[in-house]
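Notes follow the structure.
Protein chains in written order, with the working numbering: chain A, 98 to 485; chain B, 12 to 346.
So, in structure tokens, the structure goes:
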């Protein structure tokens, strides 16, 4: 393997890891911070993908290209879409970016709306019911996408116009850019989004809103006693998580896969994202990114091992190895490390800053360990002197 | 009429699987997403046992369908499937759930761990099914009878008989036998039950065994009735039915057996009617799955206790008052 193909492999891996990290962060808001078992994550991603498909085929051409759109599932669709619309997109890089930005915003908004709608029936009940309701909603969305042809065109993969990174690369080096640079810019863009997600969620979780989510997760009764509206807090967490998932769904469809197919949104992907959060760290956003990177690697390795098994030993079940890996990872994580690789950290709230300003010293729980030991030793010594 | 019987049998097969779930849910309070895999275990075990009987070499791939026809002399296989499903469920309880429960895991953690278990079981099933090339099969035939001019097949008969027997015997078991009564004690208050000398482990083990066995038998009957799940591999039959199972159990009020039976029958009739109607107007009958899902959301929103939580005596009395009858006490069925 020469250097450039190795570099390309690493870049592709990083791109997948970045997309998975986006999903894991959005899951972490719900599962890690608010304690909501969102088993319907696939549905909110699917919303992003469906909006991307509708915008790329029907609204985008009218809005950005000035030609009439084509409705998937109709007879003349493929002729018009492949012959007229996709070439027009490739001539017009700005239009592809328009499609991406519009579908990210609209997809996120619709996903947030659906997040409230699906959670509302079971939000007052035990977590089991909530999980079941969300899972059912996801399955319903999947069936609707499969059967309603004008959204994604049924079960055949629909190629989408991916945002054009080639023109950015061309603007940097001029002429026809090397393929590796285009890949690098694409990967860089995904990780820029990851950074944006991280900053946003970290900021949000350090705010009173994040503290409210944590008290609701840890002790519902205490939260109510403090005057927090438990139902409202959960719904708000779902809005944030689903919005992030909807945007990530648009990224997944337009930048990662560059196509949509209802069967990309099976519950398997929900549980894959859940595994990332469990492995990386429940309630820790950096942990979610680490989980995303680990699972992307496992995914890649599992695929390679599976194909090798099939090629050289004629074993037909190699493709299902991922199930075994996810299952074992989930069970081991819950048994031996329920907090994940990187555990949750105490929130750095402004409250202790005020404390420091007023008293001039740090509160005991974030004082360095040696001061606490020194104080303890001193206390023991003085007590010994008293008794002597 | 035949369609009505088919829908009824569909509902009864669902009832078998759902009452398995609500049986151990009542005792252990675990929302077990691996329940669907017990169903698939039943199907694969049935095919495997049929293969053992006729020689595994002859039963590779599509050939198994001819041998797997459900006849009266295959009843022992159904019984064996019950035991295999029960053993798998009991093993998963002993290895995974019981250690976690003893450590005081939250319901959320138990639910998540059941997903891990589901993946592992599914992997094993995929290995078995793809070794014998059984991933996509049409549904096998079943012996048909002619009862008063109506054609009924054995799977339908078995589903109805077994569902009724299971429900009644579970109800008798939990009210009349010592083990059943201690089961209810554990369900109500595990600590108090332990304090009065009931081994909560043993009681839960029995509940999981019976629950898994019912799921496996229900799975075999469902497979013969409906065939493979959509366009998915046969191994996912449990997963595709899992949400209907949860819907039936929730509609019945998780943990109530008559409620589960009633809920399953209602869902079976509604689902199949809607599916037929959708086919008539030229839509994909898969959309009928919206029925169980929306019923569940409705139930969760308005009556989270399910059918078991409805005050049937009060309702009956009110209806009788409206109609003008003097209602006698104890007329209403206690669900």
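Beta carbons: idealized from backbone N, C-alpha and C, even for Gly.
8 Å contact criterion, which residue i and residue j should meet: CB distance rounded
| i | j | result |
| --- | --- | --- |
| residue 154 (chain B) | residue 169 (chain B) | Not quite, the Cβ-Cβ distance comes to about 10 Å (not below 8 Å), so this is no contact. |
| residue 250 (chain A) | residue 134 (chain A) | Contact doesn't hold; Cβ gap of about 32 Å is too wide. |
| residue 223 (chain A) | residue 328 (chain A) | About 14 Å separates the two Cβ atoms, so there is no contact after all. |
| residue 127 (chain A) | residue 338 (chain A) | 4 Å |
| residue 348 (chain A) | residue 119 (chain A) | 6 Å |
| residue 412 (chain A) | residue 335 (chain A) | The pair is not a contact, with the Cβ atoms about 42 Å apart (cut-off 8 Å). |
| residue 263 (chain B) | residue 33 (chain B) | 7 Å |
| residue 270 (chain B) | residue 318 (chain B) | 4 Å |
| residue 149 (chain A) | residue 200 (chain A) | 4 Å |
| residue 486 (chain A) | residue 346 (chain A) | It is not possible to answer for residue 486 (chain A), since the shown part of chain A is limited to 98 through 485. |
Through-space distance from residue j to residue i, alpha-carbon basis
| i | j | result |
| --- | --- | --- |
| residue 235 (chain A) | residue 205 (chain A) | 16 Å |
| residue 327 (chain B) | residue 174 (chain B) | 26 Å |
| residue 146 (chain B) | residue 242 (chain A) | 25 Å |
| residue 309 (chain B) | residue 197 (chain A) | 36 Å |
| residue 344 (chain B) | residue 43 (chain B) | In this prediction, residue 344 (chain B) scores a pLDDT of 39, lower than 50, which makes its location untrustworthy; no coordinate-derived value is stated. |
| residue 235 (chain B) | residue 277 (chain B) | 21 Å |
| residue 150 (chain B) | residue 82 (chain B) | 14 Å |
| residue 383 (chain A) | residue 102 (chain A) | 29 Å |
| residue 25 (chain B) | residue 284 (chain B) | 16 Å |
| residue 359 (chain A) | residue 132 (chain B) | 25 Å |
| residue 476 (chain A) | residue 482 (chain A) | 10 Å |
| residue 89 (chain B) | residue 231 (chain B) | 8 Å |
| residue 12 (chain B) | residue 159 (chain B) | 12 Å |
| residue 172 (chain B) | residue 79 (chain B) | 21 Å |
| residue 286 (chain A) | residue 275 (chain A) | 17 Å |
| residue 468 (chain A) | residue 307 (chain A) | 30 Å |
| residue 274 (chain B) | residue 27 (chain B) | 12 Å |
| residue 190 (chain B) | residue 130 (chain A) | 42 Å |
| residue 342 (chain B) | residue 332 (chain B) | Here residue 342 (chain B) scores only 41 on pLDDT, less than 50, and its place in the model should not be relied on; the value that follows carries that caveat. Going from the Cα of residue 342 (chain B) to the Cα of residue 332 (chain B) covers about 14 Å. |
| residue 302 (chain A) | residue 296 (chain A) | 10 Å |
| residue 147 (chain A) | residue 357 (chain A) | 8 Å |
| residue 126 (chain B) | residue 45 (chain B) | 6 Å |
| residue 324 (chain A) | residue 330 (chain A) | 11 Å |
| residue 338 (chain B) | residue 182 (chain B) | Legend: pLDDT at residue 338 (chain B) = 44, less than 50; position of this residue unreliable, no value from coordinates given. |
| residue 211 (chain A) | residue 76 (chain B) | 43 Å |
| residue 253 (chain A) | residue 292 (chain B) | 23 Å |
| residue 130 (chain B) | residue 374 (chain A) | 17 Å |
| residue 135 (chain B) | residue 167 (chain A) | 45 Å |
Amino acids of chain A, ordered along the chain, whose beta-carbon sits closer than 9 Å to that of residue i
| i | result |
| --- | --- |
| residue 42 (chain B) | 223, 224, 225, 226, 228, 229 |
| residue 118 (chain B) | 223, 224, 225 |
Contact set between residue i and chain B, taken where Cβ atoms lie within less than 8 Å
| i | result |
| --- | --- |
| residue 428 (chain A) | 107, 124, 127, 128, 131 |
| residue 368 (chain A) | 126, 130 |
| residue 185 (chain A) | Residues of chain B passing the Cβ test: none, with the nearest at roughly 33 Å. |
| residue 375 (chain A) | 123 |
C-beta atoms of residue i and residue j nearer than 9 Å
| i | j | result |
| --- | --- | --- |
| residue 395 (chain A) | residue 419 (chain A) | yes |
| residue 47 (chain B) | residue 251 (chain B) | yes |
| residue 96 (chain B) | residue 52 (chain B) | yes |
| residue 132 (chain A) | residue 314 (chain A) | yes |
| residue 312 (chain B) | residue 247 (chain A) | no |
| residue 101 (chain B) | residue 279 (chain B) | no |
| residue 108 (chain A) | residue 281 (chain A) | yes |
| residue 156 (chain B) | residue 62 (chain B) | no |
| residue 120 (chain B) | residue 431 (chain A) | yes |
| residue 214 (chain B) | residue 204 (chain B) | yes |
| residue 182 (chain A) | residue 158 (chain A) | yes |
Interface partners of residue i on chain A, CB under 7 Å
| i | result |
| --- | --- |
| residue 134 (chain B) | 417, 420, 421, 424 |
| residue 257 (chain B) | 229 |
Proximal residues of chain B, C-beta to C-beta of residue i below 7 Å
| i | result |
| --- | --- |
| residue 455 (chain A) | None at all; the shortest Cβ gap to chain B is about 38 Å. |
| residue 435 (chain A) | 120 |
Under 8 Å from the C-beta of residue i: neighbouring residues of chain A
| i | result |
| --- | --- |
| residue 111 (chain B) | 431, 432 |
| residue 254 (chain B) | 229, 232, 233, 236 |
| residue 137 (chain B) | 414, 417, 420 |
| residue 304 (chain B) | 233, 234, 236, 237 |
Where residue i meets chain B, residues with beta-carbon distance less than 9 Å
| i | result |
| --- | --- |
| residue 371 (chain A) | 123, 126 |
Inset, instruction - Return the residues of the segment 395-429 of chain A that lie within a Cβ-Cβ distance of less than 9 Å from chain B, sorted by chain order. - result: Listed in sequence order: 412, 413, 414, 416, 417, 418, 419, 420, 421, 422, 423, 424, 425, 426, 427, 428, 429.
Inset, instruction - Compile a chain-ordered list of the residues in the segment 127-144 of chain A whose CB is closer than 7 Å to at least one CB of chain B. - result: Listed by position along the chain: 132, 134.
Inset, instruction - Anything in the segment 307-322 of chain B with a Cβ closer than 7 Å to a Cβ of chain A? List those residues in chain order, please. - result: Result list: 307, 308, 311, 312, 315.
Legend entry - Contacting positions in the segment 282-302 of chain B - beta carbon closer than 8 Å to chain A: Hits within the stretch, in order: 294, 295, 297, 298, 300, 301.
Legend entry - Interfacial residues, the segment 140-154 of chain B to chain A, with Cβ spacing under 9 Å: Taking 9 Å as the upper bound on Cβ-Cβ separation, chain A lies near residues 140, 141, 142, 144, 146 of the segment 140-154 of chain B.
Inset, instruction - Compile a chain-ordered list of the residues in the segment 348-363 of chain A whose CB is closer than 7 Å to at least one CB of chain B. - result: So nothing in the stretch comes that close.
Legend entry - Positions along the segment 193-222 of chain A whose CB lies within less than 9 Å of some CB in chain B: Going along the segment 193-222 of chain A in chain order, one finds 215, 217, 218, 219, 221, 222 with a Cβ nearer than 9 Å to chain B.
Legend entry - Contact residues within the segment 165-191 of chain A, judged by C-beta distance below 9 Å to chain B: Answer set for the segment 165-191 of chain A: empty.
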